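Participant: Sharing a structure here in C-alpha cells format.
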Amino acid sequence: MARLLLPRPDPKPAENLRFLRAAVAHQCNLACLYCPKKAGMENHVPACLRGNRLSTADYIRAQRAVAASGIVNAVAWTGGEPTLRSDLPAIVVAGRRDFARTEMTTNGLHLPDMFDDLAPNLDLLKVSLDAADPVLAQQLTQGKPEDFGRALTAIRLGLEAGLPVGVNVVVMRRTVEQIPAIIALIADLHADVGRGTVYISLLDLYYTPSTRDFWRAEFVAMDTITDRLTELLGPPVEQFRKGCVIRWFDSAGMQIRIKDSHESTFRGDRCTGCPVYCQEGFYGLKLSVEGWVTPCPNGDERNGVHLSADLDDQQMTARVTPLTRELAGTRLVEGSFATFLDRNGLDLTGAPARPLLPLTVTPAGRQ
Numbered sequence: 003m004a005r006l007l008l009p010r011p012d013p014k015p016a017e018n019l020r021f022l023r024a025a026v027a028h029q030c031n032l033a034c035l036y037c038p039k040k041a042g043m044e045n046h047v048p049a050c051l052r053g054n055r056l057s058t059a060d061y062i063r064a065q066r067a068v069a070a071s072g073i074v075n076a077v078a079w080t081g082g083e084p085t086l087r088s089d090l091p092a093i094v095v096a097g098r099r100d101f102a103r104t105e106m107t108t109n110g111l112h113l114p115d116m117f118d119d120l121a122p123n124l125d126l127l128k129v130s131l132d133a134a135d136p137v138l139a140q141q142l143t144q145g146k147p148e149d150f151g152r153a154l155t156a157i158r159l160g161l162e163a164g165l166p167v168g169v170n171v172v173v174m175r176r177t178v179e180q181i182p183a184i185i186a187l188i189a190d191l192h193a194d195v196g197r198g199t200v201y202i203s204l205l206d207l208y209y210t211p212s213t214r215d216f217w218r219a220e221f222v223a224m225d226t227i228t229d230r231l232t233e234l235l236g237p238p239v240e241q242f243r244k245g246c247v248i249r250w251f252d253s254a255g256m257q258i259r260i261k262d263s264h265e266s267t268f269r270g271d272r273c274t275g276c277p278v279y280c281q282e283g284f285y286g287l288k289l290s291v292e293g294w295v296t297p298c299p300n301g302d303e304r305n306g307v308h309l310s311a312d313l314d315d316q317q318m319t320a321r322v323t324p325l326t327r328e329l330a331g332t333r334l335v336e337g338s339f340a341t342f343l344d345r346n347g348l349d350l351t352g353a354p355a356r357p358l359l360p361l362t363v364t365p366a367g368r369q
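Printed below as a string of C-alpha cells:
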C-alpha cells in the first residue's frame with residue numbers, strides 16, 4: 003500500500019488554479035459509448051503530427067514549459083487511459099515538482115500495477131464509474147464483466163492510501179437514475195475502508211460532431227440536476243473557478259460535486275469568430291502525447307503550438323508563452339450554452355422526458 007508523503011484531505015482545488023490537461027496516452031482499453039474517440043478523446047493534435055509521441059524526457063520538458071509560464075499552475079493527467087503508458091510514474095513525479103496541484107483521471111483497470119509510484123505524487127485521483135449496475139456499466143464502457151470490480155478496487159486503493167478520490171459520473175438519460183445507487187455504493191465502500199476522502203463528481207455529457215446523435219439522445223442539462231439536489235439536500239457550497247461554477251452538496255456526509263458549465267463559460271478573442279463554438283470554452287491548456295499545446299478541444303493546426311523534441315527548454319517556453327498569456331485574458335461569457343446550441347444547430351426542446359433523481363438521495367445528518 004502506498005504511503006502518502008503529503009496527505010491532502012480537502013478535494014476542492016483552489017479557485018485560482020489554471021489546469022493543463024496533459025494527455026499521456028492516445029489509446030484506451032475501453033470504448034465508452036459517450037467518448038469522442040474520433041476527436042482523439044482528450045489527445046487533441048493536428049493529423050500531420052498524430053502518433054509521433056514524445057519521449058519521456060521530452061514530454062516532461064513540454065509540461066515543464068507550460069508550468070514555467072506561472073499562469074498554468076495545475077496539471078491533470080488524462081488520455082486515452084493514462085495507466086497504459088509505462089513511464090507514467092516518471093511523468094507524474096516530474097509534474098509534482100513543476101505544478102502546485104496534480105490530478106489524474108483513470109478507469110482504474112491497470113492502476114494497481116503502478117499505484118505505489120503514483121499515489122505519493124497526486125493530490126487527487128479520479129476514477130470513472132458511470133453506473134452502480136455492473137451490467138449497465140459494461141454496456142456503457144463496452145468492456146469486460148470484471149472491469150466494474152477493477153474500478154471499485156482502484157477507488158479502494160486510493161482510500162486505503164489516504165488519497166482524496168473523486169468518482170467521475172457522466173450524467174446521461176440512461177444513467178441519471180443510477181446516481182443515488184452510486185452514492186450509496188461509494189459511501190459503503192468508504193465506510194468499509196474507514197479512511198481517505200471521496201466524493202461523487204457529476205459531469206455533463208460532452209458534445210463533438212462525431213457524437214452528435216448520442217449527445218442529442220442522452221444529454222441532461224446539469225441545471226436540472228442542480229435544482230433537484232437543492233430541493234433534496236438544500237443549497238450547495240459554491241466555488242467559482244475559471245471556466246465554470248462548481249457546486250458541492252452534502253448527502254449524509256458524502257460530497258456531491260457538480261461542474262456547471264451551462265450558465266456561462268470563459269472565452270477568448272479567438273472564440274468570437276470560431277466556426278466550432280465548443281461546449282467547454284477556454285479555461286486551460288491541453289498537451290498531447292506529441293507535444294501539441296492548444297486551448298481548444300480539436301486538432302486544428304491554427305489553434306496551438308508544437309513543443310517538438312528539437313526545441314531546447316527556453317524555446318519551448320517561448321513558444322507556449324503567447325497561449326498562456328491569452329489564457330490569462332479570457333473572460334466570462336454569459337449565456338454561452340445557448341450560443342453553443344445555436345451555433346451547432348442543436349435543439350433540446352423535443353428531448354423525451356424522463357424522471358430525474360428519485361427521492362432516495364439523503365440529506366446530510368440523516369442515515
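Heads up: the sequence shown begins at 3 in our numbering, then just goes up one per residue.
Each residue gets a CB set at the ideal place from its N, CA and C atoms; glycine is no exception.
Here the structure is a predicted model, which means the values were calculated and not measured.
(1) Identify the continuous alpha helix (DSSP H) that holds V247 and give its terminal residues.
(2) Distance check for L350 and D100, CA to CA, integer angstroms please.
(3) Taking L348 as the reference, give the member of G164, A193, R197 and E220 with the closest Cα.
(4) Looking only at its chain, what residues have a beta carbon closer than 7 Å to the beta carbon of G82, apart from the 5 residues adjacent to it on each side?
(5) If we ignore side chains and look at the alpha-carbon of each, how far apart do H308 and D60 end up?
(6) Between T296 and the ligand COA, is the CB less than 7 Å from at least one heavy atom?
(7) At least one CB of chain D closer than 8 Å to the CB of I62: is that the case?
(8) Below 8 Å, how does it come out for the region 224 to 238 and the region 160 to 172: are there three or more Cβ pairs, yes or no?
(9) Just mark G151 as buried or exposed, buried being the case when its beta carbon has 16 or more other beta carbons within 10 Å.
(10) In the DSSP assignment, find the beta strand (DSSP E) that holds E220 and state where it starts and stops.
(11) Counting beta carbon pairs with one atom in the region 324 to 341 and one in the region 261 to 281, are three or more of them shorter than 8 Å?
(12) Based on Cα-Cα distance, which residue from F342, P297, E303 and L161 lies nearest to P48?
(13) Beta-carbon within less than 6 Å of W250's beta-carbon, same chain only, minus the 5 sequence neighbours each way: which residues are those?
(14) Apply the 10 Å Cβ neighbour rule to N18 and answer buried if 16 or more other Cβ atoms are within range, or exposed otherwise.
(15) Taking only three categories from DSSP, how would you classify Y36?
(16) Return helix, strand or coil for V171, following the three-state DSSP convention.
(17) So, L289 versus A64, is the Cβ gap smaller than 8 Å?
(18) Report the residue from D314, E292, S310 and A340 whose alpha carbon sits nearest the alpha carbon of G283.
(19) What did DSSP end up calling Y279 once you bin it into helix, strand or coil?
(20) Just tell me which of A41, C37 and L35 has its CA closest to the CA of G301.
(21) So A2 is in the alpha helix (DSSP H); what residue range does that whole segment cover?
(22) When burial is assigned at 16 or more other CB atoms within 10 Å of the CB, is T210 buried or exposed?
(23) With respect to the beta strand (DSSP E) encompassing T267, which residues constitute its N-terminal and C-terminal limits?
(24) Any idea if C37 is buried or exposed, counting beta-carbon neighbours within 10 angstroms, 16 or more meaning buried?
Facilitator: Put simply:
(1) Here V247 belongs to no alpha helix (DSSP H); instead the beta strand (DSSP E) covers C246 to S253.
(2) If I take the Cα positions, the gap works out to 43 Å.
(3) Nearest C-alpha to L348: E220.
(4) Closer than 7 Å at the Cβ level, and outside the excluded window around G82, lie A25, A27, H28, Q29, C30, M43 and N45.
(5) Answer to the nearest angstrom: the Cα atoms are 12 Å apart.
(6) The model depicted lacks the ligand COA and carries no ligand whatsoever.
(7) As a matter of chain content, chain D is missing from the structure shown, which is built from one protein chain.
(8) The way I'd put it, the region 224 to 238 doesn't touch the region 160 to 172; fewer than three beta-carbon pairs between them come closer than 8 Å.
(9) Exposed, by the Cβ-count rule.
(10) No beta strand (DSSP E) holds E220; the alpha helix (DSSP H) holding it covers R214 to E220.
(11) Contact between the region 261 to 281 and the region 324 to 341 is present, because at least three Cβ pairs lie under 8 Å.
(12) The shortest C-alpha separation from P48 is found at E303.
(13) Cβ-Cβ distances below 6 Å link W250 to P238, V239, Q257 and R259 in the same chain, with the five nearest sequence neighbours on each side left out; the list follows chain order.
(14) N18 comes out exposed.
(15) The answer is coil: DSSP assigns Y36 none of H, G, I, E or B.
(16) DSSP places V171 within a strand segment (E or B) once states are collapsed to three.
(17) Yes, these two residues count as a Cβ contact at 8 Å.
(18) Out of D314, E292, S310 and A340, A340 has the C-alpha closest to the C-alpha of G283.
(19) The answer is coil: DSSP assigns Y279 none of H, G, I, E or B.
(20) Residue A41 holds the alpha-carbon nearest to the alpha-carbon of G301 among A41, C37 and L35.
(21) Given that the chain is displayed from residue 3 to residue 369, the structure contains no residue 2 and the question cannot be resolved.
(22) T210 should be labelled buried.
(23) Run containing T267: S266 to R269, per the beta strand (DSSP E) assignment.
(24) By the 16-neighbour rule on beta-carbons within 10 angstroms, C37 is buried.
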